[in-house]
Amino acid sequence: MRRALSLTLIGLGVFCIAGGLLLRFYAYPALAKIPQDPNTVSVAQGSGVTALVYVPQGSSARPEIRQNLNLTSKTYVTGDLRAPESKKNGDVVTWIEASEVKDDASNLTVNGSVRALCLDRFTGEAVAPCTNGYLEKEKGVKITNEGSPKTPQFPGYNFKLPFNTEKGTYKWYDSTLGAPVDARFDGEEQINGVDVYRFRQSVPVSKVSSRDVPGSLIGKPETPTVNAGLYYEVDRTLWIEPVTGAMIKLRQWSKQELRTSEQGPGQGTTVFDGTMELNADSVAKNVNTAKENSSKLWLLTGLPVILWIVGGVALLIGILLLATGRRRSRHSF
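Our numbering puts the first residue of the sequence shown at 3, with every later residue one more than the last.
Next comes the structure, spelled out in structure tokens:
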């Protein structure tokens, strides 16, 4: 009876330990991946914003700076399943992001863009090569990465941080700057009952481009076209659910200023100044998705720990029972 019980416990212990190892080191890497075919919409809003809008004028549009605007930004993310990198059950996926910012009152466009990029399905980082990758800020004009096919066009993290996000610093891509910027851990919070990590990202005033603009736009109506530099700064906060690495909430204040060669900081023309933040509906949707996915991942991370503990205790008790049973058998002769 003792021997049968000890062997049963030893078998149970081995089974639990092996099952935990299988879940953690085989099932988890196979299943903890971002989807190949996302279909999401996120909405950010801002009020009291100064922005450059484009007013229709015949077959073209006239740029005009307006103040105290209420803006809405919509971002759509889908997957390109026909891309060469998007192989079934593969480790790389191609996502397409389309975004547009509009003035609520006039429905005039502030800005918009479409881009396609390849991502590592486990880390969430942008990878290269990416056959179908591009950036389109002007309709019909796609900027590709043909000159540097081995370097990601949008390096760093773009949509989420890695599974099991740590309290550290990550490179988050800034689309206006055109480069990844440090997003540093800034504390912990709860949003709608979900524990999140807060990360802060700051870009000091930086020149991001030069462009020819109408003189009337920057206070020089006597000059048809003036070359001006576009200067940009931002303070961005990301709230990340650490188990999945998913973004729950985002808020950013940014400012853009056009300056001529003779103008210094603050002397130019502000073409954007305001704060945009994911609205309550988008945050609630992100929370629900994170809860669902983190519960699934717990089966692959938390359950193995329980199995290892149960298996270790069962194995230890089984070995002790077997050992003491053998000693008693020897003493009985």
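For glycine and all other residues, C-beta sits at the position ideal for the given N, C-alpha and C.
Quick caveat: nothing in here was measured; it's all calculated off a predicted structure.
Minimum C-alpha distance to residue i - residue among the options
i, options, result
"Asp197", "Asp176, Glu148 and Val245", "Val245"
"Ser296", "Thr153, Ser62, Val55 and Ala248", "Ala248"
"Gln47", "Leu83, Val183, Thr77 and Tyr136", "Thr77"
"Arg117", "Pro131, Val103 and Lys144", "Lys144"
"Pro86", "Leu121, Lys35 and Lys104", "Leu121"
"Asn290", "Ser263, Arg84, Gly60 and Gly195", "Gly195"
"Gly231", "Val215, Leu260, Gln203 and Arg64", "Leu260"
"Leu179", "Arg186, Thr225, Ser212 and Ala282", "Ser212"
"Val57", "Ile67, Gly50 and Ser49", "Ile67"
"Ala282", "Val45, Ala292 and Lys35", "Val45"
"Asn160", "Asn147, Gly149 and Ser177", "Ser177"
"Arg123", "Gln59, Lys141, Glu140 and Phe165", "Phe165"
"Thr277", "Ser49, Pro40, Glu191 and Val210", "Ser49"
"Val129", "Leu219, Asn147 and Gly266", "Asn147"
"Arg84", "Ala107, Ser108, Asp105 and Asp39", "Asp39"
Residue i and residue j closer than 7 Å at C-beta
i, j, result
"Tyr234", "Gln269", "no"
"Val205", "Lys251", "no"
"Arg253", "Glu279", "yes"
"Pro131", "Pro151", "yes"
"Leu202", "Arg186", "According to the sequence provided, residue 202 is Arg. The question's Leu does not apply to it. Going by C-beta atoms, Arg202 is nearer than 7 Å to Arg186."
"Leu54", "Pro65", "yes"
"Thr227", "Asp214", "yes"
"Val103", "Ser75", "yes"
DSSP bridge partner residues for residue i (one or two, in chain order)
i, result
"Thr171", "Arg186"
"Arg123", "None; Arg123 has no bridge partner."
"Arg117", "Glu99 and Leu137"
"Val245", "Looking at the DSSP assignment, Val245 forms no beta bridge with any residue, so it has no partner."
"Ser150", "Bridge partners of Ser150: none, in fact."
"Pro206", "In DSSP, Pro206 forms no bridge with anything."
"Asp39", "Per DSSP, none; premise fails for Asp39."
"Asn229", "Asp214"
"Ala181", "Asp176"
"Pro65", "Tyr56"
"Gly276", "Ser256"
"Ala46", "Ser75 and Leu280"
"Gly81", "Trp97"
"Ala128", "Leu121"
"Leu240", "Phe201 and Leu252"
"Lys144", "Glu138"
"Leu269", "According to the sequence shown, residue 269 is Gln rather than Leu. None; Gln269 has no bridge partner."
"Glu191", "Val198"
"Asn51", "The question names Asn, but residue 51 in the sequence shown is Val. DSSP lists Leu71 as partners of Val51."
"Asp105", "Leu73"
Sequence-distant residues of its chain with Cβ nearer than 6 Å to residue i (five each side left out)
i, result
"Gly304", "Note that Gly304 scores 48 on pLDDT, short of 50, meaning its location in the model is unreliable and no value can be drawn from it."
"Lys89", "none"
"Pro2", "What the structure shows of the chain is the stretch from 3 to 335, and residue 2 is not part of that stretch, so it cannot be assessed."
"Thr52", "Gln69, Thr272 and Asp275"
"Ala100", "Tyr78 and Val116"
"Thr42", "Val79"
"Ser256", "Val236"
"Asn288", "Ile250"
"Leu137", "Arg117 and Ile145"
"Gly142", "none"
"Asp106", "Asn72 and Thr74"
"Tyr35", "Residue identity check: residue 35 is Lys in the sequence provided, not Tyr. If we look at Lys35 and ignore the five residues flanking it on each side, its Cβ neighbours are Arg123 and Phe124."
Own chain partners of residue i with C-beta closer than 8 Å, once the 5 adjacent residues on each side are dropped
i, result
"Asp82", "Ser88, Thr96, Trp97, Ile98, Ala118 and Asn134"
"Pro223", "Gly217"
"Ser208", "Leu179, Tyr233, Tyr234 and Glu235"
Residues near residue i by beta carbon distance below 7 Å, same chain, minus five either side
i, result
"Leu163", "Gly126, Tyr172, Ile242 and Gly247"
"Ala63", "Tyr56 and Val57"
"Glu294", "none"
"Gly188", "Residue identity differs from the one stated: residue 188 is Asp in this sequence, not Gly. Closer than 7 Å at Cβ, skipping near neighbours: Arg200, Phe201 and Arg202."
"Ile193", "Trp241, Ile250, Lys251, Val285 and Val289"
"Gly221", "Thr271"
"Ala292", "Val196, Glu243, Thr246, Ala248 and Ile250"
"Pro267", "Val207"
"Lys139", "Ser115"
"Gly149", "none"
Can you confirm whether the stretch 89-97 touches the stretch 164-176 when touching is taken to mean that 3 or more C-beta pairs between the two stretches lie within less than 8 Å?
These segments do not touch.
Could you say if the stretch 103-123 and the stretch 64-74 meet the contact criterion of at least three C-beta pairs nearer than 8 Å?
Judged by Cβ distances under 8 Å, the stretch 103-123 makes contact with the stretch 64-74, as three or more pairs qualify.
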